[in-house]
Structures are given as C-alpha cells and as structure tokens.
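Below is one structure, written out as structure tokens; comments come after it.
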Amino acid sequence: MKKIDVHAHHGVWSYTIPVADPTERLLRLCERECIEYMVCSSALALLYDMQAGNEEMAGAFGDHEQLLGYVYVNPNFLPESVAEMERYLALDYFVGAKIHPRLSGTPENAPQMQELMAEVAGRSSVLLMHTVDQNAARQMGRYAEQYPQLNIILGHSAHTDSDVAARVAGEHPNIYLDFCCEWPGAGKIERALETCGPEKIVFGSDSDLLEPAFTRGMFEGAHLTEQQQQMIFWDNAARLFGIPSDKP
Amino acid sequence: MLVDINTCFGTSPKQRVRYAEGVTAARMFDEPGPVVPTTQEVDWSLDNLLRIIDEQHIDLALTYNLRGKLYEFVTGNHETWRAAQTHPQLVPIATIDPCRHFDCLEEVDRCADRGFRIFRFFPDEQEWAIDSLPFLHICEALAEYGLAIMLPAGGWGQQSRIAELLCPLGVPVVAIGSTFTVVAESIAVAAAYDNFFCDTSAIHTVASIEGFAQAAGAHKLMFGSNSPESYFESAHNLVDVAQVRDQEKSGIFGENALCYLRLEGPQ
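Protein chains in written order, with this note's numbering: chain A, 1 to 248; chain B, 1001 to 1267.
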C-alpha cells in the first residue's frame, strides 16, 4: 500500500549510515517502501546549524516532488526561527514545522518554548514535535488546546509512554500520533487504536535514522484492517498536508 | 528455516520494560504531583510465545524465562527446561545470577548435564559488572563444557570489554540488542574475534546489517526478535529487506545459530 511518511530526516547522522548522497538514500527508501511522499527535517539543522540545515534541505528537495520539508525551528533562536518560517513556509514543498526539545536543550514547558509555539501556531498548520515521554505528551495537549488551528504530530508517541500519548490524542482533535521508535513494543498500536481511533494515527519512519521497514513491521504486527491501513498510511496525513486523497 | 535466538516467557511484576528506564531518564521536565510510572502491558506468558512461534512459522525459538532472571535461577532454569521438553520448538537457555554466590557453579554442572547449550546473563537488571570475578568464574566453568554465552551489547565499550574477557575462552559469545548507536562497535568486535556474534533484534537499520555483513561477515549475525516484548515483524522486516546474498540471509535467519551454537535442527 502506498504511504505518506510524516517523519524522516535529510542529512547525516553519526551512526552506521552509508556515505552516499542523502537525497538519493531517501528516494531509494521511498521506492522500496512505496512511500509517495516523505516529509523530512534537516539533520544538519537539528544537530548543528538551523539556518544552514534548512537551506541545504530546501536546495536538495526542489527537484523531487515526493520529498517535502518541515522547517526546523529552535526555541533558543526565536527571531531567527520566525525568519526561517517566513522564508520556507512560503515554498509549496515546505508543509510544516519541526521542533526537537532535547536537541535544542529546551523542555516542552519552558517559557522560550511557549513563545516559539505561539509563533509556529501563527504560521504553520502542522507541527512535528519530538515527544519523548508522558509529561511531554500532556504538555503538547495543553498547546493543542491553546492553538486549536495547529495540528500537532507527537513524533515517537512518547516511546514507552505511548498509552498516555494515545489518551492525549483522544482528548484533542488536533493531536496525532506517529509511532517510529527504536523500541517496537508489541501491542502499543492496538491499544492506541482503541483509545484514540485510527483517524489519529499517521505513519512516520524516522528514516534514515531508523529503517522504514522496521516501523512498517509494527503496523503489520498490529494486524490493521484495510480501512485502518488506508487511514494511517495515507488519508490522515493527506488531510493534514493537503495532499489529494485520490493519489493512491 | 527460521530460528529466533531472542525470546523469553514468564511474568514481570513491574509491568515495566527495560526501555522505559531510558525514557524516564530522558524526561526534560517533571510535572507537579505524584510521579506516574511508565508501564507497558506485555503478555509474557508461555502461551503467547507459543502463539507467536506458531503464527510466524518459527522453527526454533531460543528462550529463557523471567523467573530465572528476576527471581531464582535454579527453579527458573528448571521451568525453562520443562517447557522445552513439552514444546520441541523451544530451545532452552539457562541463566545464572553471579550475585547469588551459592549454587552458581553447581548450576553450571547441572544445566550442562541436562543438555542446556546456552547461558544468558543480565548484568544490568541484576546489577553486577561483566568484569567481576564471580561472573568470570562462571564463564570459565561454562567454557569447560563448551557452552555458549549471551550478554547484552550494552553501551559504547561494553562489547569490546566482553570480547576481551570472554572470547579467549573459545566459546561462542553472542551480544544481544546491539542498537544503531553501538552497532559500529559490534561490527568491529565481530570482525576482530572469530567467536563473537550479534543478534539482530535492535539493529534498526538495513545499512547496519549490510555494513556488518560486508565488514565482519553475515555469518556473525543471528536473527532475534525480542518476542514477546517487541513486534516480531519489525525485526523480521529488517533482515528481510537487507541487500545481502540469499545464502547470507538464510544464515542470519537460522543456519548461523544452528551451526555456531551447535543446535540440533527442528524435529
């Protein structure tokens, strides 16, 4: 089944990732895993230099229709983050913003984060938030209530706290779950389906930090119905990013 | 042929998987009020493991039980052995907690006499060090019988240390749960030591498997799923989509375990 991958990265990580053009690596994964659209943030922006990373990714993606971008923003650099959003969200292939609390060293409830959230909510309809645990998930629920027009994807669905993340998603119409995680805990997707329903779950792989087939395995293990697969692999993300739903 | 070298059964009083420790540690802020513990519902029962084995067409599942890890290894090993006698698709793995002192070396003899071929150890959960003498004495006793040793890959540096300490004993040493953060060390250690192997349960990227096969040889990898804690399909897909030769893939999926852990094929 064709997929929209809402959580991927462009760039280099200091792990066992082959030395090859990062764009080509992502395109190869897309082809193998039937990923029609892959929404990425820049590893360079996450790990080192926000502006250089966003710029590098924008330059790399212009010619590849299936690669879409999140503009990466950092609460430690508020005016610069606003400028980055102004610049990149104007491009049709940048479809949202990404925040990584741990890599920016800023807790989800910190004052700087609250300021950045207000700026993101005023400019973007989608935010992918790296969400590491239940406290973070609940804090994102508070932001979702504060900014009902902003759709927030909880990246990693709070890892082993995914049951809490599912409750938060069930309580807020604008919270979505993406389950990519190095811990493929059996049963967590089935429980989330019961708690928040398939309409609140999207497919994210964390490519190419993690293998998309690895994340796909979690959904295969959850024995989704055809209708659930359609919603999770395509419809929900298509709705969020304004991708035509007849594409598959 | 499908051999899964990383499974277990039993029960877990904390309802807390090991990965949750890392999640708690990574928290960036604490909320006011009582701390809500991280729990995960895992069906650790033998029935559930047998269901997975059946559904996934696993020919042999190497398994230990949680009683041996969390409570008491003599009765735990007995329970594992009994389960394997009843269900021939299970290959029993014994365990010993060196902290106990009493009955450790005797249990090596008993298990060897019974026919256990593999011992698995849990230094993190049981809070002991891999370079401690009690553990090394147990490993020396295992080496007398030529029995294989499984240990967690752990953090950066642990696999190098394991190999330095245990590979000279000449028995197969298998690192379990090498993740994308430490697989570079797994590759280097497996390339350096003939009798050092890795399971694939937590390697996370196909590039790591392909890089491992290229640098250390695919024969040093053994498929493991970490069932029933993890979705079996995740670990299986990882090996399935790897661009290695068919012969290498069938080695990873079972033949390497049969050959190097000296197991009998499925009945």
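Just so you know, even glycine gets a beta-carbon here, dropped at the ideal spot from N, CA and C. As the structure is a computational prediction, the values presented were derived from the model and not from experiment.
For this session: Would you decide whether residue 1079 (chain B) is buried or exposed? Buried here means 16 or more other CB atoms lie within 10 Å of its CB.
Result: Result: buried.
Exercise. At a Cβ cut of 9 Å, what residues of the stretch 1024–1040 of chain B count as close to chain A, listed as they run along the chain?
Worked result: Answer set for the stretch 1024–1040 of chain B: 1024, 1026, 1027, 1028, 1029, 1030, 1031, 1036, 1038, 1039, 1040.
Exercise. Are the CB atoms of residue 1226 (chain B) and residue 216 (chain A) nearer to each other than 8 Å?
Worked result: With respect to the 8 Å criterion, residue 1226 (chain B) and residue 216 (chain A) are not classified as neighbours on the basis of their beta carbons.
For this session: Compare the C-beta of residue 1214 (chain B) with all C-beta atoms of chain A and state if any pair is closer than 8 Å.
Result: In terms of beta-carbon proximity, residue 1214 (chain B) stays away from the interface with chain A, with every pair separated by 8 Å or more.
Exercise. Taking Cβ positions only, does residue 184 (chain A) come closer than 8 Å to chain B?
Worked result: Cβ-Cβ to chain B under 8 Å: yes for residue 184 (chain A).
For this session: Give the range of the beta strand (DSSP E) segment to which residue 1238 (chain B) is assigned.
Result: Careful: residue 1238 (chain B) lies outside any beta strand (DSSP E), inside the alpha helix (DSSP H) at 1232–1240.
Problem set entry | Continuous beta strand (DSSP E) stretch holding residue 99 (chain A): start and end | From DSSP, the beta strand (DSSP E) with residue 99 (chain A) extends over 94–99.
Problem set entry | For residue 1061 (chain B): DSSP bridge partner residues | DSSP, once it has assigned bridges, lists B:1004, B:1090 as partnering residue 1061 (chain B).
Exercise. Who are the near neighbours of residue 113 (chain A) in its chain, counting only those whose CB is closer than 6 Å to its CB and skipping five residues on each side?
Worked result: Result list for residue 113 (chain A): 75, 106, in chain order.
Exercise. Mind checking if residue 1228 (chain B) is an interface residue toward chain A, Cβ cutoff 8 Å exclusive?
Worked result: Output row for residue 1228 (chain B): interface = yes.
For this session: Measuring only between beta-carbons, confirm whether residue 187 (chain A) sits less than 8 Å from chain B.
Result: Yes, its Cβ sits closer than 8 Å to a Cβ of chain B.
Exercise. Which residues share a DSSP beta bridge with residue 124 (chain A)?
Worked result: Secondary-structure assignment with DSSP links residue 124 (chain A) through no beta bridge to anything.
Problem set entry | Contact set for residue 248 (chain A): own chain, Cβ-Cβ below 6 Å, skip 5 residues either direction | Because the pLDDT at residue 248 (chain A) is just 48, under 50, the model does not fix this residue reliably, and the value given afterwards should be weighed accordingly. When the five nearest sequence neighbours on each side are left out, the beta carbons in the same chain lying within less than 6 Å of the beta carbon of residue 248 (chain A) are those of 2, 234, in order along the chain.
Exercise. How big is the Cα-Cα spacing for residue 195 (chain A) and residue 173 (chain A)?
Worked result: Between residue 195 (chain A) and residue 173 (chain A), the C-alpha separation is close to 13 Å.
Problem set entry | Under the three-state DSSP convention, the category residue 1099 (chain B) falls into | Residue state, collapsed to three classes: helix.
For this session: Quick one: measure Cβ to Cβ for residue 1004 (chain B) and residue 1224 (chain B), integer angstroms, because I've assumed they're closer than 8 Å.
Result: Going by Cβ atoms, the distance from residue 1004 (chain B) to residue 1224 (chain B) rounds to 6 Å, so yes, they are a contact pair.
Exercise. Applying the criterion that 16 or more other CB atoms from any shown protein chain within 10 Å of the CB defines a buried residue, is residue 34 (chain A) buried or exposed?
Worked result: Around the beta-carbon of residue 34 (chain A), fewer than 16 other beta-carbon atoms lie within 10 Å, marking it exposed.
For this session: Report yes if the CB atom of residue 1245 (chain B) is closer than 8 Å to the CB atom of residue 1117 (chain B), and no otherwise.
Result: Not closer than 8 Å, so no.
Exercise. Should the stretch 220–230 of chain A be regarded as contacting the stretch 185–200 of chain A, the criterion being three or more beta carbon pairs within less than 8 Å?
Worked result: Between the stretch 220–230 of chain A and the stretch 185–200 of chain A, the count of Cβ pairs shorter than 8 Å is three or higher; the stretches touch.
Problem set entry | Sequence-distant residues of its chain with Cβ nearer than 8 Å to residue 245 (chain A) (five each side left out) | For residue 245 (chain A), where only same-chain residues beyond five positions count, the Cβ hits under 8 Å are 234, 235, 238, 239.
Exercise. With distances taken from CA atoms, which of B:1072, B:1092, B:1122 is nearest residue 997 (chain B)?
Worked result: Because chain B spans 1001 through 1267 in this model, residue 997 (chain B) falls outside it and cannot be assessed.
Problem set entry | Residue nearest to residue 116 (chain A) in terms of C-alpha spacing, selected from A:149, A:91, A:93, A:80 | Measuring from the Cα of residue 116 (chain A), the nearest candidate turns out to be A:80.
For this session: Name, going along the chain, the residues of the stretch 18–44 of chain A whose beta-carbon falls closer than 8 Å to a beta-carbon of chain B.
Result: Taking 8 Å as the cut-off between beta carbons, the residues of the stretch 18–44 of chain A near chain B are 18, 32, in sequence order.
For this session: Compile a chain-ordered list of the residues in the stretch 1229–1240 of chain B whose CB is closer than 9 Å to at least one CB of chain A.
Result: Within the stretch 1229–1240 of chain B, the qualifying residues are 1229, 1230, 1231, 1232, 1233, 1234, 1235, 1236, 1237, 1238, 1240.
Problem set entry | Below-8 Å beta-carbon distance, residue 141 (chain A) vs any chain B residue | It does not; no Cβ of chain B falls within 8 Å.
Exercise. Under the rule that 16 or more other beta-carbon atoms within 10 Å means buried, what is residue 1249 (chain B), buried or exposed?
Worked result: Classification for residue 1249 (chain B): buried.
For this session: Might you give, ordered along the chain, the residues of its own chain that have their beta carbon closer than 8 Å to the beta carbon of residue 9 (chain A), omitting 5 neighbours on each side?
Result: Setting aside the 5 residues that flank it on each side, residue 9 (chain A) is surrounded in the same chain by 40, 41, 42, 43, 46, 206, 207, 208, 209, each with a C-beta closer than 8 Å to its C-beta; the list follows chain order.
For this session: Would you tell me roughly how many angstroms separate the C-alpha atoms of residue 1251 (chain B) and residue 1195 (chain B), rounded to the nearest one?
Result: When rounded, the distance between both Cα atoms is 16 Å.
For this session: Could you tell me the distance, in whole angstroms, from the CA atom of residue 1049 (chain B) to the CA atom of residue 36 (chain A)?
Result: When rounded, the distance between both Cα atoms is 36 Å.
Exercise. Who are the Cβ neighbours of residue 176 (chain A) in its own chain at under 6 Å, not counting the five residues just before and after it?
Worked result: Result list for residue 176 (chain A): 153, 200, 202, in chain order.
Exercise. Exposed or buried, what is residue 1035 (chain B) when buried is set at 16 or more other beta-carbons lying within 10 Å of its beta-carbon?
Worked result: Residue 1035 (chain B) sits exposed, since fewer than 16 C-beta atoms from the chains shown fall within 10 Å of its C-beta.
Problem set entry | Residues of its chain near residue 1134 (chain B), where Cβ-Cβ distance is below 8 Å and the 5 sequence neighbours each way are ignored | These residues qualify, in order along the chain: 1098, 1099, 1101, 1104, 1128.
For this session: List the whole-angstrom C-beta distance separating residue 1163 (chain B) from residue 1189 (chain B), where the pair is believed to meet the contact cut-off of C-beta under 8 Å.
Result: Yes, they are in contact, since the Cβ atoms of residue 1163 (chain B) and residue 1189 (chain B) sit about 5 Å apart, within 8 Å.
Exercise. Do you know offhand how far residue 1210 (chain B)'s Cα is from residue 6 (chain A)'s?
Worked result: Cα-Cα distance, rounded: 26 Å.
For this session: Put residue 274 (chain A) into one of helix, strand or coil per three-state DSSP.
Result: Absent from the model: residue 274 (chain A). The displayed extent of chain A is 1 to 248, so no value can be given.
Exercise. Using 8 Å as the threshold, is the stretch 1199–1210 of chain B in touch with the stretch 1173–1184 of chain B, meaning 3 or more CB pairs across them?
Worked result: Result yes; three or more Cβ-Cβ pairs closer than 8 Å.
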